[in-house]
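Engineer: Here's a structure for you.
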Amino acid sequence: MNSLVPGVLVPFDDLDVNLGKAAWPYLQAPAKRTLARAIQAAGQKMTITSAYRTIAQQQIIYNHYLNGRRCGIQLAAEPPNSNHQSGLAVDTPFYNFWRQYLPRHSWRWFGARDLVHFEYVGFGRRRINSLAVQAFQRLWNRYNPNDLIKEDGKWGPQTRRRLENSPVGGFDIPFGEFRTLRLSKPYMQGEDVRQVQNALFNAGFEIEIDGFYGKGTTAVVKQFQKQKGLTADGIVGPNTRRALEL
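Residues in the sequence shown are numbered from 18 upward in steps of one, following the numbering used here.
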């Protein structure tokens with residue numbers, strides 16, 4: 018999504034949070050700022066089990082919800098209607114504690130409808146659900162030139178069918194192309210990660226060259242991006258790669 022609208026989502030793993038295995042630590046900037054204030058006011062680390070979700074993740078959750086609320090899913094919206102896709106929502110198992118603090122900072126608790134769910138409703142929020150759909154449509158067209166679909170950001174049967182037919186491990190990268198590197202679980206790894214680490218080392222940064230794109234590498238990438246006047250999101254895309262002369 019940041020490739021379509023740079024900086025529309027920002028990482029929040031630098032806050033005092035404990036992230037669950039499925040949590041992607043991205044929010045819209047105003048949501049992050051107010052979340053930080055709530056955590057500071059509470060004086061306690063916040064456990065977050067879900068934040069930003071891709072449309073693929075949301076489709077899986079929605080399917081579980083339709084099939085008898087599997088996995089304890091209490092409520093789920095069809096993609097792209099969840100505010101998790103807009104970087105405006107977090108889930109926490111300790112909702113009874115956090116409902117004392119988050120609502121004071123423009124986060125609404127969903128209550129009995131979805132006990133773990135809080136949604137940012139304050140100033141500066143944007144409805145960007147269609148961007149998630151458009152990002153997938155563009156990705157699909159890039160790797161499926163013989164089965165193109167409209168890149169209109171609209172969710173419908175054609176887009177849903179392509180999503181459900183997409184490989185779980187992602188599309189293979191054609192020879193000579195580069196993938197976008199970011200912090201993920203499990204960590205991305207490979208020779209392209211090692212090249213980035215070597216370039217950062219040669220640029221004067223202290224970094225372990227191990228071929229794994231973990232938290233340490235992400236932190237150094239953010240330092241480099243800040244130094245170069247780039248969006249410091251820890252994601253190695255075309256602009257960061259050019260700055261690294263790769």
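For every residue, glycine included, the Cβ atom is placed at its ideal position computed from N, Cα and C.
For the structure I just gave you, are there three or more beta carbon pairs, one from the region 250-257 and one from the region 225-239, closer than 8 Å?
Structural biologist: In short, these stretches touch, since the Cβ pair count reaches three.
Engineer: What do you get for proline 184, buried or exposed, if any count of 16 or more other CB atoms within 10 angstroms of its CB means buried?
Structural biologist: Its Cβ having fewer than 16 others within 10 Å, proline 184 is exposed.
Engineer: Mind the definition here: the region 122-129 touches the region 64-83 only if three or more C-beta pairs lie below 8 Å; say whether that holds.
Structural biologist: Touching, no.
Engineer: For the putative contact between alanine 48 and tyrosine 118, defined by C-beta atoms under 8 Å, what is the C-beta separation to the nearest angstrom?
Structural biologist: Rounded, the Cβ-Cβ distance is 15 Å, inconsistent with contact.
Engineer: To the nearest angstrom, report how far apart valine 150 and leucine 165 are at their CA atoms.
Structural biologist: Rounded to the nearest angstrom, the two C-alpha atoms are 14 Å apart.
Engineer: Under the rule that 16 or more other beta-carbon atoms within 10 Å means buried, what is valine 22, buried or exposed?
Structural biologist: Its Cβ having fewer than 16 others within 10 Å, valine 22 is exposed.
Engineer: How about the region 130-145 and the region 96-116: do they share at least three Cβ pairs that are nearer than 8 Å?
Structural biologist: Yes, the region 130-145 is in contact with the region 96-116.
Engineer: Starting from threonine 64, trace the beta strand (DSSP E) both ways and give me its first and last residue.
Structural biologist: Threonine 64 -> beta strand (DSSP E) spans 63-65.
Engineer: Would you mind giving the Cβ-Cβ distance between leucine 44 and valine 27, rounded to the nearest angstrom? I have them listed as a contact below 8 Å.
Structural biologist: At roughly 7 Å, the Cβ-Cβ gap stays under 8 Å, so leucine 44 and valine 27 are in contact.
Engineer: Hey, out of Phe218, Met205 and Asp227, whose CA is closest to leucine 261's CA?
Structural biologist: Taking only the C-alpha atoms, the option nearest leucine 261 is Phe218.
Engineer: By the 10 Å Cβ neighbour count, where 16 or more other Cβ atoms means buried, how is arginine 130 classified, buried or exposed?
Structural biologist: By the neighbour-count rule (16 or more Cβ atoms within 10 Å), arginine 130 is not buried but exposed.
Engineer: Run through the region 161-193 for me and flag every whole alpha helix (DSSP H) of 4 or more residues, listed as ranges in chain order.
Structural biologist: DSSP runs (the alpha helix (DSSP H)) wholly in the region 161-193: 174-181.
Engineer: Would you tell me roughly how many angstroms separate the C-alpha atoms of alanine 53 and arginine 143, rounded to the nearest one?
Structural biologist: Cα to Cα, alanine 53 sits roughly 19 Å from arginine 143.
Engineer: Give the straight-line distance between the Cα atoms of lysine 62 and proline 96, rounded to the nearest whole angstrom.
Structural biologist: Their Cα atoms are separated by approximately 30 Å.
Engineer: Taking only three categories from DSSP, how would you classify glutamate 136?
Structural biologist: Of the three classes helix, strand and coil, the one that applies to glutamate 136 here is strand, per DSSP.
Engineer: What would DSSP say about phenylalanine 218, mapped onto helix, strand or coil?
Structural biologist: Of the three classes helix, strand and coil, the one that applies to phenylalanine 218 here is helix, per DSSP.
Engineer: Taking just the CA atoms, how far does aspartate 169 sit from glycine 37?
Structural biologist: Taking the straight line joining both Cα atoms gives about 33 Å.
Engineer: I'd like to confirm the pairing. Which residues does DSSP put opposite alanine 106 in its beta bridges?
Structural biologist: Partner(s): Glu136.
Engineer: Quick one: using the 10 Å Cβ neighbour count with 16 as the cut-off for buried, is threonine 176 buried or exposed?
Structural biologist: Burial call: buried.
Engineer: Using C-beta distances below 8 Å, list every residue in its chain close to alanine 152, excluding the 5 sequence neighbours before and after it, in chain order.
Structural biologist: Met18, Ser20 and Leu21.
Engineer: Would you mind giving the Cβ-Cβ distance between threonine 248 and glutamine 242, rounded to the nearest angstrom? I have them listed as a contact below 8 Å.
Structural biologist: That belief holds up - the Cβ atoms of threonine 248 and glutamine 242 are roughly 6 Å apart, short of 8 Å.
Engineer: Name the DSSP beta bridge partners of valine 237, please?
Structural biologist: DSSP lists no partner for valine 237.
Engineer: Spell out the partners DSSP gives leucine 36 in its beta bridges.
Structural biologist: Ile65.
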